[in-house]
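Have a look at the structure below, then the notes.
There are 4 protein chains.
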Amino acid sequence: MVGGGEGAFIGGVHRMAARLDGHWDLVAGNFQSDPAKSIAFGKTMGLADDRAYADFRTMAESEAKRADRIDAVSIVTPNSTHHAIARAFLDAGIAVICDKPMTITRKHADDLAEVVIRTGLPFILTHNYSGYPMARQARAMIAAGELGAIRIVQVEYAQDWLATDLSGNKQADWRSDPAKAGPGGALGDIATHAFQLAEFVTGLQAQSISADLSAFVPGRKVDDNVNVLLRFGEARGMLWASQVATGSVNGLKLRVFGDKGGIEWAQETPETLLFTPLGQQQRIIRRGGAGVSPSATHATRVPGGHPEGYLEGFAQIYADAAELVRAHLEKRAPNAFAKLAPGVADGVRGVKFIEAAVASSKNNGAWTPVD
Amino acid sequence: MVGGGEGAFIGGVHRMAARLDGHWDLVAGNFQSDPAKSIAFGKTMGLADDRAYADFRTMAESEAKRADRIDAVSIVTPNSTHHAIARAFLDAGIAVICDKPMTITRKHADDLAEVVIRTGLPFILTHNYSGYPMARQARAMIAAGELGAIRIVQVEYAQDWLATDLSGNKQADWRSDPAKAGPGGALGDIATHAFQLAEFVTGLQAQSISADLSAFVPGRKVDDNVNVLLRFGEARGMLWASQVATGSVNGLKLRVFGDKGGIEWAQETPETLLFTPLGQQQRIIRRGGAGVSPSATHATRVPGGHPEGYLEGFAQIYADAAELVRAHLEKRAPNAFAKLAPGVADGVRGVKFIEAAVASSKNNGAWTPVD
Amino acid sequence: MVGGGEGAFIGGVHRMAARLDGHWDLVAGNFQSDPAKSIAFGKTMGLADDRAYADFRTMAESEAKRADRIDAVSIVTPNSTHHAIARAFLDAGIAVICDKPMTITRKHADDLAEVVIRTGLPFILTHNYSGYPMARQARAMIAAGELGAIRIVQVEYAQDWLATDLSGNKQADWRSDPAKAGPGGALGDIATHAFQLAEFVTGLQAQSISADLSAFVPGRKVDDNVNVLLRFGEARGMLWASQVATGSVNGLKLRVFGDKGGIEWAQETPETLLFTPLGQQQRIIRRGGAGVSPSATHATRVPGGHPEGYLEGFAQIYADAAELVRAHLEKRAPNAFAKLAPGVADGVRGVKFIEAAVASSKNNGAWTPVD
Amino acid sequence: MVGGGEGAFIGGVHRMAARLDGHWDLVAGNFQSDPAKSIAFGKTMGLADDRAYADFRTMAESEAKRADRIDAVSIVTPNSTHHAIARAFLDAGIAVICDKPMTITRKHADDLAEVVIRTGLPFILTHNYSGYPMARQARAMIAAGELGAIRIVQVEYAQDWLATDLSGNKQADWRSDPAKAGPGGALGDIATHAFQLAEFVTGLQAQSISADLSAFVPGRKVDDNVNVLLRFGEARGMLWASQVATGSVNGLKLRVFGDKGGIEWAQETPETLLFTPLGQQQRIIRRGGAGVSPSATHATRVPGGHPEGYLEGFAQIYADAAELVRAHLEKRAPNAFAKLAPGVADGVRGVKFIEAAVASSKNNGAWTPVD
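In order, the protein sequence lines correspond to chains A, B, C and D. So for the first sequence, the working numbering puts the first residue at 125; every next one is plus one. So for the second sequence, the working numbering puts the first residue at 125; every next one is plus one. So for the third sequence, the working numbering puts the first residue at 125; every next one is plus one. So for the fourth sequence, the working numbering puts the first residue at 125; every next one is plus one.
Shown next as structure tokens:
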């Protein structure tokens, strides 16, 4: 692992997610930019002395030479550093699990895509919400034509933790600093999740978007509210992401309507998917219940009614990553469902989306291509 | 009543709404364009022979001359006819209760506004959703500053009854005919309700909008899906209205977020309003329950937990109209809460909104003023 | 109408319910026990001078002699007076609409049943919750075998308005006075509704019950919490009714489980019925929506998504009563669905239930027959 | 671990729960009664050869002698075997984590209680539902007096997986066999969870109960539906547990009403707790949100809105067990919140409850003490 030291949030989540299914052990890391602190933190994690590293480049080089080298690195640092770290490990021949957004520039995104394609190394991007069983259920139903031709996509991601000025809060500070977070605030932090989920579930790609970005909190240097119209070929969509929507917690929600049916799924109540076939009664499709797709079952640990949640969805990405890495090491094709884990292509789409949204908003909402 | 004869939908709703609170009796009408059918229908409604009229002009003139003349006319015809009918009754000195949208052109809307202002006659527009107690509760809370400065307005109105081609269905046909419905389909039929509700509750006016209108069902001449971005001064908003959102029934929903709190209200579960003061626990405010505003209590008939719904909300507009008409006849100021009933100004806003949305969409989403 | 004068609650509800569908006009009444107040109240209701009566016996006799006599009387007085008033009107040959519980003794209940059977006069008991479309939908589904053999019945009715001592509150006082309310408090006021709904929907009759009644508020003379086990032949059930369940408003809820399916319906969200066929996905059956029974459609006014509620359910009893009375006057069979309105047999069951519950509770929960 | 081999359900859950927080490693086990299969299964779990045991007695004795002996054993076998296994490990001086119900006889339960008290060894019973943060929040609020004096306890646990005859299903078979499961079916399997949760949250103990047990599925030897009335001193309660409630999945739900407030919590939506202070607006208390107790925060991993669920609640019991075991080994007082983990006293209560329910039901519902 690179990142995730003292005071970090998402590093601990990655570690729990990696541990849950028993596929991964944490054996090496560079947890903080301060070398001494990184080494000290590694010891609290129970690492061997020689595998708590002072910097990520040393870690990549040293691990590459070991017989018991790491199978993959997990990168959980601020956005601006993802590219250099990912590149260092890929260059050392080590698979990468990277937090999103993948990079803060299009050039860096394309560069990682080129390396991944060239080397064939596994690269997993932790758009964790696509690890939820019912998100995969929705994707399977749409792919099977149960919704017919898609007409409308409504996706939103509402939070309120940045509704006030949180200067001094470590998590808020780096996310609000364009040098660390990139050009988007809510845009990079959460709108990219919403965008990825919409494309993942529908199997469509947005061709162009029209965006209206706002920064409501005085002094904030990046957007905290994102209003976007989308065009996916014939289909039309709206995406709203906000970190100042008072009373919202982690409200990622997707609705898709086709000419034969419609679905609705919300991350805060992830166990059920509402499905209405046109002209019929609405059904509640439940994780572990009747009529569930094999891809959703693949992502299921315990029976329905025993709620799975955020950590299980996140763990699914790690479980899928384990299968992709094992298959790579064993030179075999991976389980088909493991390939649902998001990868470098999702990362490139996310960066394109950020750049198109920023450009459109600066250009008074002009429709701007996402390519 | 003008309109609402055999095969009509909304006429029967108006009659139940008018009856519920005992303020109105139906004593005269011109129910259909066919004179003989209109007279026959009037008899089934129990009208006196001389008050079941063959046409609306005769009705306006005849009623104006009677000692027991009607206190008001209720107009429940297709949109394109509202102006001429309303004008006829206003010119005869009779108060008007009119269905929405008020007219199909800006010119006609301005004309009615001019006459209403000049004559001082009561004019009530049945944006019935603003008659719900919890919609009025929301308005009162925002007016009292409980949400602080408004930042975000999210409003939507999703149906699916036009998801397929319904040619031959009377209700669908006139709504899909620009000559009868005006330039908007879902735009005039339901997006205007969403727009009025948003402005009613927030007390804000949208300065400009960017719209993307679609007609998904092949052959449909008017929009059936409406995606709009809104700017209300500093606040930002999104409005979605659709009649092809498979699985949706009558999904009007409003969320408003300010710097001190946020609220959420949905027409299909109208008895409760979710309210979160920033940083505090979310509260469920219930019609008839603790902490309810006098304006919501004014619109309440039975205790909380005994669900009121669509007809009661609609009846509230009629109850308020009764008070406005009585006060006018008695030359006194009406009850302050009755003045919450939508009127000619809401009608003008609605027509402006339709025209701006059509213009913006034709102009590839250019931001277009609503004035 | 008898009862429902100044300060009353349910009288106003009956009047709105009677008015909504246009079947009834209020033309005569004895609204309060004080003669002068009754007459004065009648005038505020717009009655003719000679039909605002000083006492109910005079009203019954006088109306019986008029050519334009009332078609039915609506009795909305405290429970202890129902029998004498109902008897007076039945004896005068006038149909009765009576609030529940029907009487406060078994003897009086049997007496009314005898008179109703002997005279053939319409007698409707306003167990209004069985007027809800989705309650009738549930009944139709069970009658059609969609749930298979019924195994389990869970019914509850939770309120909290009597959680504290409300001495001095008119509504609370008579309900807490055994002389006026009968031997049951929550038992007569709300548990009878729950019991009637359970028997109405399932088509089963409870053979015996075991009850544990409590009065939690110090000084209260009647129960305010009712715990009951039920046996319906093979099926087993539980009934809970409380007026001290803090935070509950009007929580009447019924769940029925058979060997082929299960349903759930709650009065506070009356528009939908949850249905799970064994081993299949749960469905949301919506008033006005797909797969709805003719008996539910009969009880429907406006399309799904336009919420109907308490007053509409109550109005359905009045609409059904109108049909039963008209059919009686016209000497024809009534519409089959109108016969779903609760009648004297439901009244007898309710009184038997009250007596059995009181007896069982006094006997430390001994299983006691309901017959 | 003892139990949890091939084809088992709950063993895998225990292993995930133990792993999630990183406190436990699986290093020894006797997974199945067949020695060869147990050893083979141990190898698939990555155990050292000498720690995959052929039988539990050998395991207890061998582990007791090792320097790197296990810190605790987790017992996940059918109910009838719990006593002997737990006794073997306690006698060897090893802490025990045991699935529920603790034993199938009162004598065995008392015996384990005696040993645990005598030895001071940690003994944790996996009533996992009391590991949920919001269950602990409810307990903290009641202990702090926020509900006032408790009047009413309503608890239910509804499933439907045994709605048909599942003979041949391994999980169903042992649970329906009195020799393995004990005298209760749904009673032991799920009603004990409901009972424990009710006592845990309220801090009350039921003095006596009246039970009506049924076996609806033909041929079933144990109950599959449990209706119980409860008396907790002044407070009254109802408990319903069913494994034939068609359409139910894992519906454990608790409602508690006091003279100052009421709460509601459901396991299938575990992130929120509804709380109504008497006469005030209902509040939604959210894990990780405003106003949450330290004991709930102690049981929290990720921020609110990132759903935690069944495995996290279960993991909390393992995390608390780790603290209790560490404190025991380090001869110090454990963290106060860790002591919320259920123990041998809960186990004794559960067995008493089962015996009282069986006795009451046989005695036609006679009120029977739980002591």
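The beta carbon of each residue, even a glycine, is placed where N, CA and C say it ideally should be.
Contact annotation for residue 409 of chain B against chain D: 405 [CB-CB distance below 7 Å, chain order].
DSSP, reduced to helix, strand and coil, places residue 320 of chain C within a helical segment of the structure shown. When DSSP states are grouped into helix, strand and coil, residue 224 of chain A belongs to the coil group.
Within the stretch 125–184 of chain B, the alpha helix (DSSP H) runs of at least 4 residues that lie entirely inside it are, in chain order, 134–144, 159–168. Chain order gives the chain D residues near residue 368 of chain C as 275, 276, 381, 383, where near means a beta carbon separation below 9 Å. In the three-state reduction of the DSSP assignment, residue 487 of chain C falls in the coil class, being assigned neither a helical nor a strand state. Out of D/320, D/318, D/355, D/341, the CA that lies nearest to the CA of residue 335 of chain C is found in D/355. With a cutoff of 8 Å on beta-carbon distance, residue 416 of chain C and residue 137 of chain B are scored as not near each other.
Taking the Cα positions, residue 255 of chain C is about 7 Å away from residue 465 of chain C. The Cβ atoms of residue 304 of chain D and residue 204 of chain D lie closer than 8 Å to each other. For residue 140 of chain D, the C-beta contacts it makes with chain A under 7 Å involve 144, 425, in order along the chain. Judged by DSSP secondary structure, residue 441 of chain C falls outside any beta strand (DSSP E) and instead within the alpha helix (DSSP H) spanning 434–453. CA-to-CA, the gap between residue 332 of chain A and residue 359 of chain A works out to about 11 Å. Under the three-state reduction of DSSP output, residue 247 of chain D falls in the strand class. For residue 350 of chain B, the CB contacts under 6 Å within the same chain, skipping 5 residues up- and downstream, are 310, 311, 315, 337, 365 in chain order. With fewer than 16 neighbouring CB atoms inside 10 Å of its own CB, residue 173 of chain D falls in the exposed class. The criterion of a C-beta distance shorter than 8 Å is not satisfied by residue 200 of chain C and residue 213 of chain C. The DSSP-derived three-state label of residue 417 of chain D is coil. Straight across, the Cα-Cα distance linking residue 135 of chain B with residue 127 of chain B is about 7 Å. The DSSP-derived three-state label of residue 238 of chain D is helix.
Taken in chain order, the complete beta strand (DSSP E) segments of 3 or more residues contained in the stretch 378–405 of chain A are 385–390, 396–401. Remark: C-beta atoms of residue 414 of chain C and residue 363 of chain C do not approach each other more closely than 8 Å. Beta-bridge annotation (DSSP): residue 493 of chain B is paired with B/332.
A straight line joining the alpha-carbon of residue 369 of chain C with that of residue 280 of chain C spans about 11 Å. By the Cβ-count criterion, residue 342 of chain B is exposed, with fewer than 16 other Cβ atoms from all chains shown falling within 10 Å of its own Cβ.
Below the 7 Å Cβ cutoff, chain D contributes 405 as neighbours of residue 413 of chain B, in chain order. For residue 429 of chain C, the nearest CB of chain B lies under 8 Å from its own CB, placing it at the interface with that chain. The Cβ atoms of residue 379 of chain B and residue 396 of chain B lie no closer than 8 Å to each other. Using a CB distance cut-off of 8 Å, residue 252 of chain A does not count as an interface residue toward chain B.
Nearest CB-CB separation between residue 402 of chain B and chain A: below the 8 Å threshold.
Between the stretch 426–442 of chain D and the stretch 428–447 of chain B there are fewer than three C-beta pairs closer than 8 Å, too few to call the two in contact.
Taking a C-beta distance under 8 Å as the contact criterion, residue 433 of chain B and residue 244 of chain C do not qualify as a contact pair. When secondary structure is reduced to three states using DSSP, residue 293 of chain A falls in the coil class, being assigned neither helix nor strand. Per the Cβ contact rule, the stretch 480–494 of chain A is not in contact with the stretch 139–150 of chain B (fewer than 3 Cβ pairs under 8 Å). For residue 208 of chain D, the enclosing alpha helix (DSSP H) stretches over residues 206–215.
Residue 200 of chain B is bridged by DSSP to B/127.
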